[in-house]
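Trainee: Note that the numbering used here has the sequence shown beginning at 28, numbered continuously upward. Think of the CB as a built atom: it goes at the ideal place given N, C-alpha and C, for glycine as much as any other residue. Submitted below is the structure of interest, expressed as C-alpha cells.
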Amino acid sequence: MNANADNSSSTGDVGRRNIVTLQSHILEEQLRQPHATGMFSWILSALSISAKMIAASVRRARLEDVLGSVGGHNVQGEQQQKLDVIANDILLRNLGNRQGVAIVASEENEEPVILRAQNDGETRYCVMFDPLDGSSNLDVCGAVGTIFSILRKDRRSARVEDSLLQPGSQQVAAGYVLYGPSTVLVLTIGSGVHMFVLDPSIGAFVRVAENLRIPQRSKSYSLNEGNRLSFPQGYQDYLHWAQQNGYSSRYAGAMVADVHRILLKGGVFMYPPTAKAPKGKLRLMYEANPMGFIIEQAGGKALTGPGARILDVQPIDIHQRTTVILGSSDEVDHVVARL
Ligand code: P6P
C-alpha cells in the first residue's frame with residue numbers, strides 16, 4: 028500500500044477511509060490563506076471540471092468517431108487531432124467563465140486568448156495549458172494527458188499578455204491529468220505534490236496520496252532512442268553507460284505518462300536536442316515548466332542542461348521549446364555528469 032496514501036489501513040478497507048475530494052482539498056488549502064478570495068480555488072475547480080469532461084470525451088472517442096486528425100496543423104506544425112480541438116474548447120470555455128482569469132495560452136492557439144483587460148481589478152491569474160498532450164497515442168488507445176500552469180498576473184505590465192512571459196519559478200500552481208486505466212490528477216500549489224483519482228461512481232477526484240516524494244534513484248531512463256544518432260555526444264555516452272549498468276528503458280511517447288511513472292517509481296526523463304529539434308521539442312511554458320515545478324516539489328531535479336534549472340529560464344515566446352532532463356536527483360546527476 029502506498030505509504031503516502033490517505034489514512035489507508037493495511038487491509039485497504041475503503042469503507043473506513045476518510046474520503047477527501049479535490050474540492051475539499053482545495054478548500055482546505057484556501058482556509059490556510061488568510062487573504063484568499065476564492066478566485067484561485069475557482070480556477071482549480073474549472074480545471075477539475077475540464078478534466079472530467081475531457082476524460083469522458085477520451086473514453087468515448089472511438090465510439091463517437093472523434094479520433095483521427097482534423098486535417099489542420101497547430102501552431103507547432105503538428106497534425107491537430109479532433110480531440111485536441113475538443114479538449115482545447117473545453118478548457119477555454121470553463122476557464123473563460125472564471126472571473127479571476129485574465130488570459131490563457133494554449134498549445135493549440137498561436138496567440139494567447141485575452142479574457143479580461145489588464146486594468147480589470149478582479150483578474151489575478153494567467154493559465155497556460157497543453158490540452159491533450161501525446162494525442163497521437165489516442166488512435167491506439169495509448170495514454171494521453173492535460174498539463175497546466177498558473178501564474179499571477181503582473182499588474183506592473185503594460186499589456187496583459189506580458190504577464191505570460193515569467194520564468195517557471197513564478198508559477199503559483201501546476202499539474203497534470205493522466206487519462207490512463209484511471210484518470211489521475213496530480214497537483215502542486217507550492218507546498219508538496221498531491222495525487223487524486225477520479226471516482227466515476229461519485230464523479231469526484233478523490234485524494235489518494237499527499238506530499239509525494241520521488242525516489243532518489245532508480246535504474247530507468249525515458250527518451251526516444253530513435254533519435255540517438257542525432258543526440259549530442261554526451262547523451263550518447265550516458266546511454267552507453269546506463270546500458271552497461273543494467274538500466275531499463277521505458278517510453279510512452281506522452282510526457283504526462285512518462286513523467287507520472289518517474290514521479291512514482293523514479294528514473295530520468297529526457298528530451299535532448301535532436302537534428303529535427305535542435306533546441307529540444309518540448310514546450311517550456313506548458314510542458315517543461317509545470318512538470319519541472321512538480322518534480323522539484325517532489326524532491327527531484329528539472330534541468331535544461333548542466334547547472335541550468337528549467338524554472339530559471341526567462342521565456343521570450345509562449346511557444347518556445349527547450350531541452351528537458353528531469354526526474355530522480357541521482358539519475359539526473361548521472362546524465363549531466365556526461366554532457
Ligand atoms: P517524440 C507529445 O507529442 C510530446 O509533446 C510529449 O508528450 C512527448 O514526450 C513527446 O512529444 C514525444 O515526442 O518525438 O518522441 O514522438
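Express the C-alpha separation of L205 and V211 in angstroms, rounding to a whole number.
Mentor: As a first step, residue 211 must be located in the sequence shown, where it is residue number 184. As a first step, residue 205 must be located in the sequence shown, where it is residue number 178. One C-alpha to the other measures close to 5 Å.
Trainee: Run through DSSP, which three-state label would H267 get?
Mentor: Residue numbering aside, residue 267 sits at position 240 when the sequence shown is read from its first letter. Of the three classes helix, strand and coil, the one that applies to H267 here is helix, per DSSP.
Trainee: Between the beta-carbon of I322 and the beta-carbon of L290, is there less than 8 Å?
Mentor: The residue given as residue 322 occupies position 295 in the sequence shown. The residue given as residue 290 occupies position 263 in the sequence shown. Taking 8 Å as the Cβ cut-off, I322 and L290 qualify as a contacting pair.
Trainee: May I ask which residues mark the beginning and end of the alpha helix (DSSP H) holding P317?
Mentor: Reading the sequence shown from its first residue, position 290 is the one you call residue 317. N316 to Q324 is the span of the alpha helix (DSSP H), which, as asked, contains P317.
Trainee: Whole angstroms are fine: how far does the CA of F296 sit from the CA of I76?
Mentor: Residue mapping note: residue 76 aligns to position 49 of the sequence shown, counting from 1. Residue mapping note: residue 296 aligns to position 269 of the sequence shown, counting from 1. Each residue's alpha carbon lies about 29 Å from the other.
Trainee: Taking only the alpha-carbon atoms, compute the straight-line gap between N121 and R182 and give it to the nearest angstrom.
Mentor: Stepping through the sequence shown from its first residue, residue 121 is reached at position 94. Stepping through the sequence shown from its first residue, residue 182 is reached at position 155. Each residue's Cα considered, the two are about 24 Å apart.
Trainee: Counting Cβ pairs closer than 8 Å, one from the stretch 121-139 and one from the stretch 63-80, do we hit at least three?
Mentor: Segments in contact, yes.
Trainee: For S72, which of helix, strand or coil comes out of DSSP?
Mentor: Position 45 of the sequence shown, counted from the start, is the residue given in the question as residue 72. Helix, per DSSP.
Trainee: In angstroms, rounded to a whole number, what distance separates the CA positions of H361 and I174?
Mentor: Counted from its first residue, the sequence shown places residue 361 at position 334. Counted from its first residue, the sequence shown places residue 174 at position 147. Taking the straight line joining both Cα atoms gives about 27 Å.
Trainee: Are at least three pairs of beta-carbons, each pair with one atom in the stretch 184-201 and one in the stretch 149-159, less than 8 Å apart?
Mentor: Taking 8 Å as the limit for Cβ pairs, the verdict is that the stretch 149-159 does touch the stretch 184-201.
Trainee: Under a three-way DSSP split, which group does F175 fall into?
Mentor: Residue 175 sits at position 148 when you count from the first residue of the sequence shown. Looking at F175 - three-state DSSP - the assignment turns out to be strand.
Trainee: Taking the CB atoms as reference points, tell me whether N115 and S133 lie closer together than 8 Å.
Mentor: The count along the sequence shown starts at 1 and reaches residue 115 at position 88. The count along the sequence shown starts at 1 and reaches residue 133 at position 106. Result yes, Cβ atoms of N115 and S133 sit closer than 8 Å.
Trainee: Quick check: what's the CA-CA separation for I241 versus L191?
Mentor: As a working note, residue 241 is residue 214 in the sequence shown. As a working note, residue 191 is residue 164 in the sequence shown. Each residue's alpha carbon lies about 29 Å from the other.
Trainee: Would you decide whether G98 is buried or exposed? Buried here means 16 or more other CB atoms lie within 10 Å of its CB.
Mentor: Taking the first residue of the sequence shown as position 1, residue 98 is located at position 71. With fewer than 16 Cβ atoms within 10 Å of its Cβ, G98 is classed as exposed.
Trainee: Taking 7 Å as the line, does the beta carbon of K308 fall inside it for any heavy atom of the ligand P6P?
Mentor: Here the question's residue 308 lines up with position 281 in the sequence shown. Checking every heavy atom of the ligand P6P against the Cβ of K308, one is found closer than 7 Å.
Trainee: Which ranges does the beta strand (DSSP E) cover as unbroken runs of at least 3 residues, wholly within the stretch 131-162, from first to last along the chain?
Mentor: The stretch 131-162 contains these whole beta strand (DSSP E) runs: 152-160.
Trainee: Does H100 have its Cβ less than 8 Å from a Cβ in chain B?
Mentor: No chain B is present in this structure, which holds just one protein chain.
Trainee: If we count the other Cβ atoms within 10 Å of its Cβ and call it buried at 16 or more, is T64 buried or exposed?
Mentor: The residue given as residue 64 occupies position 37 in the sequence shown. By the neighbour-count rule (16 or more Cβ atoms within 10 Å), T64 is not buried but exposed.
Trainee: Exposed or buried, which one is G217 when buried takes at least 16 other CB atoms within 10 Å?
Mentor: As a first step, residue 217 is located in the sequence shown; it is residue number 190 there, counting from the start. Exposed: under 16 other Cβ atoms inside 10 Å.
Trainee: Compute the Euclidean distance between the alpha carbons of L353 and V359, then round it to the nearest angstrom.
Mentor: Within the sequence shown, numbered from 1, the residue matching residue 353 stands at position 326. Within the sequence shown, numbered from 1, the residue matching residue 359 stands at position 332. So the alpha carbons of these two residues sit roughly 6 Å apart.
Trainee: From which residue to which residue does the alpha helix (DSSP H) around M282 run?
Mentor: Locating residue 282 in the sequence shown gives position 255, where the first residue counts as 1. It spans M282 to K292 - the alpha helix (DSSP H) in which M282 sits, taken as one unbroken run.
Trainee: In the DSSP output, which residue or residues are listed as bridge partners for L212?
Mentor: Walking along the sequence shown from the start, residue 212 turns up at place 185. Paired residues: V204 and F223.
Trainee: When we look at the beta-carbon of S209 and count the other beta-carbons within 10 Å, is it buried (16 or more) or exposed?
Mentor: On the sequence shown, residue 209 is found 182 positions in, with the first residue counted as 1. So S209 counts as exposed.
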